[in-house]
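Chains as they are written, first to last, in this note's numbering: chain X, 1 to 308; chain U, 1001 to 1308. Report on the structure given below.
Protein chains: 2
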Amino acid sequence: MGKLLIVGTVAFDAIETPFGKTDKILGGAATFIGLAASQFEVQSAIVSVVGDDFPQEYINLFKDKNIDTSALEVVEGGKTFFWKGKYHNDLNSRDTLVTELNTLADFNPVVPTNFKDSDVVMLGNLHPGIQMSVINQMDKRPKLIILDTMNFWMNNTLEELTQVIKYTDVITINDEEARQLTNEYSLVKAAEAIQKMGPKYVVIKKGEHGALLFNEENVFFAPALPLEEVFDPTGAGDTFAGGFAGHLATTGNTSFNNIKNAVIHGSNLASFCVERFGTQRMIDLHKNEVNKRFHQFKALTQFDIELQ
Amino acid sequence: MGKLLIVGTVAFDAIETPFGKTDKILGGAATFIGLAASQFEVQSAIVSVVGDDFPQEYINLFKDKNIDTSALEVVEGGKTFFWKGKYHNDLNSRDTLVTELNTLADFNPVVPTNFKDSDVVMLGNLHPGIQMSVINQMDKRPKLIILDTMNFWMNNTLEELTQVIKYTDVITINDEEARQLTNEYSLVKAAEAIQKMGPKYVVIKKGEHGALLFNEENVFFAPALPLEEVFDPTGAGDTFAGGFAGHLATTGNTSFNNIKNAVIHGSNLASFCVERFGTQRMIDLHKNEVNKRFHQFKALTQFDIELQ
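Written as structure tokens, this is what we have:
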């Protein structure tokens, strides 16, 4: 069984979509990544921080999902990272209404000893300084370091981010961010430019329009499953990353073909995430639902043509 | 060899993109459809109208491509339909600067006798009254009537358009137009609603984000090939339709599987169209280039996963 180390936020989210709104619910990049990865046969651990306002039931939830929480620091008297956002009518864009870093502001990540030899390290979206600290604590070079990040870090901590990018094998990033990072409009050219910065594999996430995987002259594409309703896109990118990392940690195979498969598994899981608010859909997601939808994915994309 | 009847505009286009601009060049829906369909073993004919300003060399071009021009009416003293447009920087939207209907304003289409038994009728984008007239002139129900249309006709001639839609087997339409036609934001729901209006098959074109095919509970998706540069999107949708119709006319097989294949062939050809201004790339496109890119398409989308 592969070992997967996850670093990222564990948070409270308050979300408003055209379909409804929530008070503070469980959220955060590491949360979504961990829940998605728990669909695979992996030993995973979350490195993150919360305040003592973080309910024990959520910590128990992680444990139930076989996620090691020994490196989930609970700061006495501290408050958990809080994000509040509102989606526009098309769900493709959103406004951040509140960001309270709270305990995250002074977080020093500590990698648990028994995860210093992890096969895969998944660096979820947060400060690149924290991501780098996790890389530096590893006993040996993991088979795969996967980085997820966003425009906020490009705008504010580009130098540190560039350093992390240099050390990663795979980056997952959305289309606008890929363009911003490289000043290339064409995603093909942007992916080429990013490969020169370090990562051998570049995954460009296009939300409802699917995800592209680039590696040298290889390109692979996985669509998002067309859904009757998208309810809440929060966490879809993290869920993609969690499915991607979970599959690679289980299989331990970093060939292009297997990374293609990881893109499919990530896309498949992300299609569930958006069906309910926050983590709701991911928490009680069953293997047979995942497998059933995988077959839909296959029908959606596979064809058989003989050329004349 | 299947027979394909094409109705649509034959036009002069003047195009401005971020990469350059053209004076009047060959354009029009029927032109792009005919050129794309000429990649297949089909007997095709264009029903359309031009003025006597339309160069003989263009008519010869159609003939060279084995496209019957006996129903391409040339109006003495008339002027050819003219469209001038300018694309925005992202190439995803454009402004129409000039539309001169000219001879198209009073066009009465006449289907050539030897094409009244066509296997496939491709109704390219133009006035639904003209499209309906072509349907009515057929001697027998074609195997497949394919309709392409756009928001202009929804805004101005919805009743006539609805009538044509009722008679068609396949509609190709872009995502925004599908939403406008049905008042459904979800493309899954929009496709369901359109199927209730008549067409068994609904193809929703999403430009650079690919195309979706819906039929009852089946869904299939083909991405657009990621290109280093998109030079001019003009005619990409018509080229898609031409490849789609050409494949179906050659094979004569209207199963869901074969319509999936038609979507792939259409997407493949459209990826060439956008590489140069107007029809330039399509005119001298060779079969071996098409086949080579088809293999890229396969690599882009096909995977092989065994579920645990």
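Glycine included, C-beta positions come from ideal geometry on N, C-alpha and C. These numbers were taken from a predicted model, which means no experiment stands behind them.
**OP:** Along the beta strand (DSSP E) that carries X:N215, what are the first and last residues, could you check?
**Re:** Note, X:N215: beta strand (DSSP E), 211–215.
Original post:
With C-beta atoms as the reference, is X:L4 less than 8 Å away from X:V42?
Top reply: Closer than 8 Å, so yes.
Original post:
Where does X:F19 land, buried or exposed, given buried means 16+ other C-beta within 10 angstroms?
Top reply: With fewer than 16 other Cβ atoms within 10 Å, it is exposed.
Original post:
How should X:K205 be labelled, buried or exposed, when 16 other C-beta atoms within 10 angstroms of its C-beta is the threshold for buried?
Top reply: The residue is buried, with at least 16 neighbouring Cβ atoms inside 10 Å.
Subject >> X:I165 versus X:G278 - alpha carbon distance >> reply: Distance between the alpha carbons of X:I165 and X:G278: 28 Å.
Original post:
Which residues share a DSSP beta bridge with X:K3?
Top reply: Its beta-bridge partners are X:Q43.
Subject >> Under 9 Å (Cβ pairs) to chain X, residues found in the stretch 1157–1190 of chain U >> reply: Taking 9 Å as the upper bound on Cβ-Cβ separation, chain X lies near residues Y1185, S1186, L1187, V1188, K1189 of the stretch 1157–1190 of chain U.
**OP:** Out of X:V134, X:A105, X:N125, state which residue places its alpha-carbon closest to the alpha-carbon of X:K116.
**Re:** Restricting attention to X:V134, X:A105, X:N125, the CA atom closest to the CA of X:K116 is found in X:V134.
**OP:** Compile a chain-ordered list of the residues in the stretch 208–219 of chain X whose CB is closer than 8 Å to at least one CB of chain U.
**Re:** The residues in question are H209, G210, L212, N218, V219.
Subject >> Backbone secondary structure at X:N89 - three-state DSSP >> reply: In the three-state reduction of the DSSP assignment, X:N89 falls in the coil class.
Original post:
Where does X:Y185 fall in DSSP's three states?
Top reply: In this structure, X:Y185 counts as coil in the three-state DSSP scheme.
Original post:
Touch check for the stretch 1227–1241 of chain U and the stretch 225–236 of chain X: three-plus C-beta pairs under 8 Å?
Top reply: Touching, no, given that fewer than three Cβ pairs across the two stretches are closer than 8 Å.
**OP:** Could you check the C-alpha separation between X:A178 and U:D1119 for me, to the nearest Å?
**Re:** Looking at the two C-alpha atoms, the distance is approximately 46 Å.
Original post:
For the stretch 1220–1243 of chain U, which residues have a beta carbon sitting closer than 7 Å to at least one beta carbon of chain X?
Top reply: Of all residues in the stretch 1220–1243 of chain U, only F1220, F1221, P1223, P1226, L1227, E1228, E1229 place a beta-carbon less than 7 Å from a beta-carbon of chain X.
**OP:** Quickly, what does DSSP pair U:W1083 with across the bridge? List them, please.
**Re:** U:W1083 pairs with U:D1013, U:T1099.
Subject >> Members of the stretch 1249–1260 of chain U near chain X, C-beta cut-off 7 Å >> reply: Of all residues in the stretch 1249–1260 of chain U, K1260 have a Cβ within less than 7 Å of some Cβ in chain X.
Subject >> Local Cβ density within 10 Å of X:K359, reported as buried at 16 or more and exposed below that >> reply: For residue 359 of chain X there is no data in the structure shown, the boundaries of chain X being 1 and 308.
**OP:** Give every residue of the same chain whose Cβ lies closer than 6 Å to the Cβ of U:A969, excluding the five residues on either side of it in the sequence, and list them in chain order.
**Re:** Here chain U comprises residues numbered 1001 to 1308, so residue 969 of chain U is not present and cannot be evaluated.
Original post:
Using 8 Å as the limit for Cβ to Cβ distance, is X:Q39 near chain U?
Top reply: Not closer than 8 Å to any Cβ of chain U, the Cβ of X:Q39 fails to qualify, so no.
Original post:
Taking the C-alpha atoms as reference points, what is the distance between U:S1271 and X:V74?
Top reply: Taking the straight line joining both Cα atoms gives about 53 Å.
**OP:** Might you give, ordered along the chain, the residues of its own chain that have their beta carbon closer than 6 Å to the beta carbon of U:I1146, omitting 5 neighbours on each side?
**Re:** M1122, V1170, A1245, listed in sequence order.
**OP:** Please confirm if U:Q1043 has its CB atom under 8 Å from at least one CB of chain X.
**Re:** Chain X, which has no Cβ nearer than 8 Å to the Cβ of U:Q1043, makes this no.
Original post:
For X:Y167, which option in X:Q131, X:K189, X:F152, X:K63 has the closest C-alpha, if you only look at C-alpha atoms?
Top reply: Out of X:Q131, X:K189, X:F152, X:K63, X:Q131 has the C-alpha closest to the C-alpha of X:Y167.
Original post:
For chain U, is any of its Cβ atoms less than 8 Å away from the one on X:L285?
Top reply: Interface with chain U (8 Å Cβ-Cβ cutoff): X:L285 is excluded.
Subject >> Assigned secondary structure, X:F220 (DSSP; H/G/I helix, E/B strand, else coil) >> reply: If DSSP states are grouped into helix, strand and coil, X:F220 belongs with the strands.
**OP:** Under 6 Å Cβ to Cβ from U:G1266, same chain only, skipping five residues before and after it: list those, please.
**Re:** These residues qualify, in order along the chain: F1240, G1243, F1244.
Original post:
How about U:Q1280: is its C-beta nearer than 8 Å to some C-beta of chain X?
Top reply: Not closer than 8 Å to any Cβ of chain X, the Cβ of U:Q1280 fails to qualify, so no.
Subject >> Close beta carbons around X:N261, own chain, < 6 Å, minus the five adjacent residues each side >> reply: Same-chain partners within the cutoff: there are none.
**OP:** State buried or exposed for U:L1097, treating a residue as buried only when at least 16 other CB atoms are found within 10 Å of its CB.
**Re:** That one is exposed.
Original post:
Cα-Cα, which of U:T1009, U:A1299, U:A1249, U:V1290 is closest to U:H1127?
Top reply: Per the C-alpha coordinates, the member of U:T1009, U:A1299, U:A1249, U:V1290 positioned closest to U:H1127 is U:T1009.
Subject >> Outcome for U:T1031 when other beta-carbon atoms lying within 10 angstroms are tallied against a minimum of 16 >> reply: Buried, since its Cβ has 16 or more Cβ neighbours within 10 Å.
Original post:
Cα separation between X:V274 and X:T250?
Top reply: Taking the Cα positions, X:V274 is about 24 Å away from X:T250.
Subject >> Residue closest to U:N1108, alpha-carbon to alpha-carbon, out of U:H1286, U:Q1137, U:K1298 >> reply: Cα-wise, what sits closest to U:N1108 is U:Q1137.
**OP:** Determine the direct distance from the alpha carbon of X:R281 to that of U:I1059, and round the result to whole angstroms.
**Re:** Rounded to the nearest angstrom, the two C-alpha atoms are 59 Å apart.
**OP:** Measure the beta-carbon distance from U:R1276 to U:D1232 and round it to whole angstroms, keeping in mind my assumption that it falls under 8 Å.
**Re:** By a beta-carbon distance limit of 8 Å, U:R1276 contacts U:D1232. Their separation comes to about 7 Å.
Original post:
Beta-carbon separation of U:F1062 and U:G1034 under 8 Å?
Top reply: Against a cut-off of 8 Å, the Cβ pair of U:G1034 and U:F1062 comes out as a contact.
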